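Have a look at the structure below, then the notes.
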Amino acid sequence: FEEIASMDFPYEGIPTIPPRKNMTHMAFFCSGCRYRVEAYPDWTAKQVAEALWRGGIERANNPNGNTPGMKGPDDISLIYAGQVMDPARKLETYHVPPGCKVMIAIEKAKLAPGAKPDPDSAYWN
Numbered sequence: 026f027e028e029i030a031s032m033d034f035p036y037e038g039i040p041t042i043p044p045r046k047n048m049t050h051m052a053f054f055c056s057g058c059r060y061r062v063e064a065y066p067d068w069t070a071k072q073v074a075e076a077l078w079r080g081g082i083e084r085a086n087n088p089n090g091n092t093p094g095m096k097g098p099d100d101i102s103l104i105y106a107g108q109v110m111d112p113a114r115k116l117e118t119y120h121v122p123p124g125c126k127v128m129i130a131i132e133k134a135k136l137a138p139g140a141k142p143d144p145d146s147a148y149w150n
């Protein structure tokens with residue numbers, strides 16, 4: 026990831042993260058992990074979910090939670106700027122910029138009304 030602060034663009038003498046250079050990859054947070062996949066704003070949310078599934082979410086899926094777990098890309102919901110994305114709509118309709126690094130991928134069942142957090146969630150503390 027391109028998140029190493031440097032003095033290329035300092036703010037009041039403080040090193041900052043430089044602008045994105047890689048515009049072909051996006052990053053998603055899912056179950057405490059960060060996934061980096063090749064994706065573009067003109068892709069639909071379904072295409073991105075399929076790329077995430079092939080890119081590692083399939084191998085990292087935990088079937089021992091309060092929900093059934095992710096069994097395929099159709100079980101993944103994407104969130105950007107607080108909006109749950111419709112699988113049929115393109116990311117650009119949500120104003121997702123190229124190379125975006127701040128999106129969330131979550132199991133659809135966790136967004137259902139009445140869903141409980143996983144047993145190891147901080148919710149229970």
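Reading the sequence shown from the start, the letters are residues 26 to 150 in our numbering. Yeah, the Cβ is synthetic: ideal placement off N, Cα and C, and Gly gets one too. It should be emphasised that the depicted structure is a prediction, and the values quoted were computed from it without experimental measurement.
Range covered by the beta strand (DSSP E) that runs through residue i
i      : result
ALA130 : 128-132
VAL62  : 58-63
ALA52  : 50-55
LEU116 : Element bounds for LEU116: n/a, residue is neither H nor E.
ASP33  : 31-36
ILE39  : 39-41
7 Å Cβ cutoff met for residue i and residue j
i      : j      : result
TYR119 : MET110 : yes
THR41  : GLU63  : no
PRO123 : PRO66  : yes
PRO98  : ALA137 : no
Endpoints, alpha helix (DSSP H) assigned at residue i
i      : result
LEU103 : It is not in any alpha helix (DSSP H) - LEU103 instead sits in the beta strand (DSSP E) that spans 101-105.
LEU77  : 70-77
Other residues of its chain near residue i: CB distance less than 7 Å, five sequence neighbours each side excluded
i      : result
ILE131 : CYS55, SER102 and ILE104
Neighbourhood of residue i by C-beta, 8 Å cutoff - its chain only, sequence neighbours within 5 removed
i     : result
THR69 : PRO112, ALA113, ARG114, LYS115 and LEU116
GLN72 : ALA64
Rounded distance between the beta-carbons of residue j and residue i, thought under 8 Å
i     : j     : result
PRO43 : PHE34 : 6 Å
TYR60 : ILE82 : 6 Å
Contacts around residue i, its chain only, beta-carbon distance under 6 Å, and the 5 residues preceding and following it disregarded
i      : result
LYS133 : ASP100 and SER102
TRP78  : PRO98
MET51  : ALA64 and CYS125
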